[in-house]
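Before any comments, here is the structure.
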Amino acid sequence: MAEELRIHATGKAERYKELLPQVEALIGGEKDEVANMANMAAALRQAFGFFWVGFYRVIGEELVLGPFQGPVACTRIRYGKGVCGTAWKEEKSQIVPDVDLFPGHIACNSASKSEIVIPFWKEGKIAGVLDIDSDQTGSFDETDAFYLQQMLRFLVNM
Ligand code: SME
Numbered sequence: 000m001a002e003e004l005r006i007h008a009t010g011k012a013e014r015y016k017e018l019l020p021q022v023e024a025l026i027g028g029e030k031d032e033v034a035n036m037a038n039m040a041a042a043l044r045q046a047f048g049f050f051w052v053g054f055y056r057v058i059g060e061e062l063v064l065g066p067f068q069g070p071v072a073c074t075r076i077r078y079g080k081g082v083c084g085t086a087w088k089e090e091k092s093q094i095v096p097d098v099d100l101f102p103g104h105i106a107c108n109s110a111s112k113s114e115i116v117i118p119f120w121k122e123g124k125i126a127g128v129l130d131i132d133s134d135q136t137g138s139f140d141e142t143d144a145f146y147l148q149q150m151l152r153f154l155v156n157m
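Numbering (numbering that gives the first Met the number 0), first residue to last: 0 to 157.
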């Protein structure tokens, strides 16, 4: 496909519905995981204007920063720590409407107010997480979790 996104809808679910097939086309046929994570992060930031979008990959006992879009961020997060490490430990998505109310939240940037973290699996094990930060509270809900989980399937089905 042309390396250009076309998003016209105004509603959140509708924007995800427009974005999903475009991301699938963008990364389909490309086997390199880093390239695909990079384009997925860029597509999400472009489509929604999120403050920070990026990946952390499980390497040994830590999550290590992968491709991202936005300001510089923490490089390593330990198992069970912060929102990302909690998503890894609990093996489930974390929706945080107000990061100040999440015990142990790791503040990579003080402008971040709400956050969603979605884990993804490879061969039955958590391979990493997608982390999205907003500079406003309450930006994320089950709609985001639902569509982001679908999008991450493109990544692991390569
Ligand atoms: N807030 C995250 C750390 C990563 S940054 O938001 C990019 C956490 O608590 O795990």
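From the three backbone atoms N, C-alpha and C, an ideal C-beta is built for every residue, glycine too.
| Item | Value |
| --- | --- |
| Cβ-based neighbour list, R75, same chain, cut-off 8 Å, excluding 5 preceding and 5 following | E61, L62, V63 and L64 |
| Extent of the continuous alpha helix (DSSP H) to which R44 belongs | E32 to F47 |
| Through-space distance from I6 to M157, alpha-carbon basis | Residue confidence for M157 is low, a pLDDT of 49 falling below 50, so the modelled location carries little weight; the figure read from the coordinates is stated next. Their Cα atoms are separated by approximately 24 Å. |
| Nearest residue (CA-CA) to Q149, options E2, T9 and E17 | E17 |
| G28 classed as buried or exposed, judged by whether at least 16 other C-beta atoms fall within 10 angstroms | exposed |
| Closest by C-alpha distance to V33, when choosing among G127, Q45 and E114 | G127 |
| Cut-off 6 Å between Cβ atoms - residues of its own chain near Q21, not counting five sequence neighbours on either side | L4 |
| Cβ-heavy atom distance, D97 to ligand 1, below 6 Å | no |
| Bounding residues of the alpha helix (DSSP H) (the contiguous stretch that carries D143) | E141 to V155 |
| Cβ-Cβ distance between V52 and A40 below 7 Å | yes |
| Check: G65 C-beta below 6 Å from any heavy atom of ligand 1 | no |
| Range of the contiguous alpha helix (DSSP H) that encloses G81 | G81 to E89 |
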